[in-house]
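Here is the structure we will look at.
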Amino acid sequence: MKKCIDEFIWIIKRVQIYSILIIMVIILLISTFLGIGEVWMQKYVIDALMHTDLSLSIHLAFILTVIIILNAIFSILLRYQGILQIQNPIKRNVVDTVMYNIHKLSLRDIKKENKQYYIDLLTHYSDEIGEGILAKFIGCKYYIQFIAISVILININKQMFLLILMLGIAYVIIGRYFTGIFWRQFGRYMEKTNKLHTIIEEGLSATREIIIYNRREWEKDRYEKYFSDYYSEAKRINRYGNLNYFMTNILKWSISFTVLAYGGYLTMQGKLEISTYVVEYQLCSMLINSMEQAYSELVSISSVGSKIKRLHDITGTIRIKRHTEDIMEFHEAVFDHVYYRYQDNSDYAIEDISFGIKQGMKVGIVGKSGSGKSTITKLLLSLMYPDKGKITINGHKVQRINPQKLYSIMACCRQDPYMFYDTIQNNILFGRAVPQKSMENICHAVNIHEYIIGLDKEYNFLLVDRGANISGGERQRLALARLLVGNPEVLILDEATSALDIAMEDKIMDCLNELKKQGKTLIVVAHRIHNVMDSDLILVMDHKKLVELGNHDELMEKKGVYYQLIIEQG
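Going by this note's numbering, the residue at position 147 of the sequence shown is 213; the numbering climbs one at a time, nothing skipped.
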């Protein structure tokens with residue numbers, strides 16, 4: 067339970083709603099005591115009727131009506147303001163926190179969890195955390211109600227209250243027992259749920275491969291295995307829930323029977339007024355309901371707490387870095403004996419890499435698949451940081467550079483660009499304010515404009531399912547247009563033209579070479595070596611190491627790895 071409370075305190079501190087909570091507590095207290103007052107007022111109405119005092123009865127009935135109306139108003143106000151002032155701010159904070167931390171995660175850290183984990187945090191987890199915390203806040207009403215009614219019942223009849231209290235203590239003990247079990251089991255249940263969601267998402271994303279490779283039965287067996295694991299955990303939790311429901315309901319009805327029997331006996335003996343007996347029964351019903359609701363909130367607090375813990379965990383994985391350096395333009399980038407590996411216990415993806423890039427250069431990176439070419443570009447973009455050695459831009463370590471400033475001067479176009487479920491224009495612009503004519507000129511330059519205007523709705527043509535309704539080559543040209551629209555000083559192409567034919571690729575490279583003449587810096591990762599033969603500097607990667615360095619003529623003279631790649635590609 068302490069874990070849950072700590073998680074609640076943590077998120078309330080993050081949202082900073084202390085002043086709002088004070089106002090909400092006042093509304094909650096008024097609503098609680100109006101509910102009790104509504105029942106207690108009935109005693110005076112009954113007494114007035116028993117004494118045939120019609121005038122007093124009417125006045126008391128009017129007061130009772132006012133209390134009922136006020137109780138309804140404050141109950142609605144409590145819920146409405148709770149949604150506006152507590153639930154919604156918490157939901158927004160959860161989403162903002164997750165997005166902020168995802169953007170701060172290195173590729174190594176982000177790949178420790180599957181995509182579904184982050185999707186869950188951003189969607190139903192954020193809803194459930196916001197709704198859950200509001201429910202727990204409103205649930206405090208039942209604890210206050212329990213204490214207030216207990217005081218009233220003690221003054222009416224101590225013996226009856228002690229009997230009810232004993233049953234209530236048993237109720238709480240059983241509740242605490244099942245809460246502990248639920249807390250232990252719920253983490254396993256959520257783990258199985260996330261795995262099942264991942265399998266479903268993967269199955270949908272890989273539908274084409276599953277059909278082509280005739281693996282439908284394999285996918286079905288895979289799904290059934292993970293569903294079986296999930297279902298077993300779900301049944302286990304429900305089993306505890308059913309047993310808990312059975313035990314607590316026995317105690318609840320025992321309390322009701324005790325009040326009816328013992329209260330009726332005292333009334334028949336003349337030791338208890340009829341009005342007091344009626345009100346006492348209602349108060350005991352409220353007491354039982356308060357105990358039941360308080361217990362339900364106590365049990366469900368573990369569910370909300372575990373979700374907050376997942377949010378807490380993702381913030382704990384971030385190693386906060388102080389980005390103190392703002393760079394406004396690019397002068398040079400230097401790799402100094404850089405090592406990097408994607409997993410803590412894996413082999414290095416690149417080893418002892420050292421080179422420098424000056425402003426205005428065209429740099430080619432070549433090598434066989436898996437040699438470490440793309441790793442170099444990711445490190446240069448600060449998507450991850452070296453395990454050994456250092457990378458500097460304009461003399462500053464990349465860890466110290468403000469990422470927003472870095473990405474304002476440097477951008478990358480990858481081999482497999484992501485296309486959003488949106489129009490072609492919005493996929494190119496990425497929210498940037500660029501004149502229509504400028505965008506069309508860029509599309510002309512990358513030879514995609516004629517294709518776009520031939521589509522239905524032209525630039526407003528809707529791309530679906532990651533751009534599945536256009537070809538791979540067209541996606542790459544749209545991505546190149548997206549890159550150029552941002553007008554970065556450093557353009558990184560990570561096999562960005564691999565899906566284009568040679569003639570189209572040559573046209574694109576001619577366009578990029580024109581940009582180099584204007585002072586842009588080009589970094590080209592190429593599978594086809596002819597794209598980088600005119601580079602000022604060519605990095606030759608082999609077996610995760612930089613084995614050769616120089617321009618085309620220098621490397622050809624060495625007749626080493628680069629020379630062999632030229633021979634292999636004809």
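Heads up, the beta-carbon is just placed ideally off N, CA and C, and yes, glycines get one too.
| Asked | Found |
| --- | --- |
| C-beta contact flag for E529 and D576 at 8 Å | Correcting the residue identity first, residue 529 is Leu in this sequence and not Glu. In this structure, D576 does not lie closer than 8 Å to L529 by Cβ. |
| Distance CB(L332)-CB(L326) smaller than 8 Å | no |
| Environment of K624 [buried if 16+ CB atoms lie within 10 Å] | exposed |
| Length of the line joining the Cα atoms of A547 and M505 | 8 Å |
| CA nearest to the CA of Y199, picked from I215, S369, A300 | Note that residue 199 is Ile in the sequence shown, not Tyr. Considering only alpha carbons, the answer is S369. |
| Proximity below 8 Å, CB of G101 to CB of Q211 | yes |
| A477: first and last residue of the uninterrupted beta strand (DSSP E) it sits in | 476-480 |
| Given 8 Å, three or more beta-carbon pairs between the region 542-558 and the region 463-470 | no |
| Chain-order list of residues whose beta-carbon lies under 8 Å from that of L130 (same chain, five-residue window excluded) | E104, M107, Q108, V111 |
| Boundaries of the beta strand (DSSP E) in which V132 is found, first to last residue | V132 -> not in any beta strand (DSSP E); alpha helix (DSSP H) instead, spanning 120-148. |
| Rounded straight-line distance, which links the Cα of G196 to that of R385 | Bear in mind that the predicted position of R385 carries a pLDDT of just 49, short of 50, making it unreliable; the figure below should be weighed with that in mind. Those two C-alpha atoms are separated by around 26 Å. |
| Exposure of S298, with buried meaning 16 or more beta-carbon neighbours within 10 Å | exposed |
| Host beta strand (DSSP E) of I423 (start-end) | 416-424 |
| Span of the beta strand (DSSP E), counted from its first residue to its last, around T587 | 587-591 |
| Distance, L136 Cα to I92 Cα | 14 Å |
| Helix, strand or coil at E580 [DSSP, three-state] | helix |
| N-terminal and C-terminal residue of the beta strand (DSSP E) that T458 is part of | 454-459 |
| Contact check, A236 vs L317, beta carbons under 8 Å | yes |
| Run of the beta strand (DSSP E) containing F496, from where it starts to where it stops | Premise fails: F496 is in no beta strand (DSSP E) and is neither H nor E. |
| Residues near K261 in its chain [Cβ-Cβ closer than 6 Å; skip 5 each side] | Y292 |
| Same chain, Cβ closer than 7 Å to S141, neighbours up to 5 away in sequence not counted | S97 |
| As assigned by DSSP and simplified to three states, the class of Y408 | coil |
| Secondary structure of F396, DSSP reduced to three states | coil |
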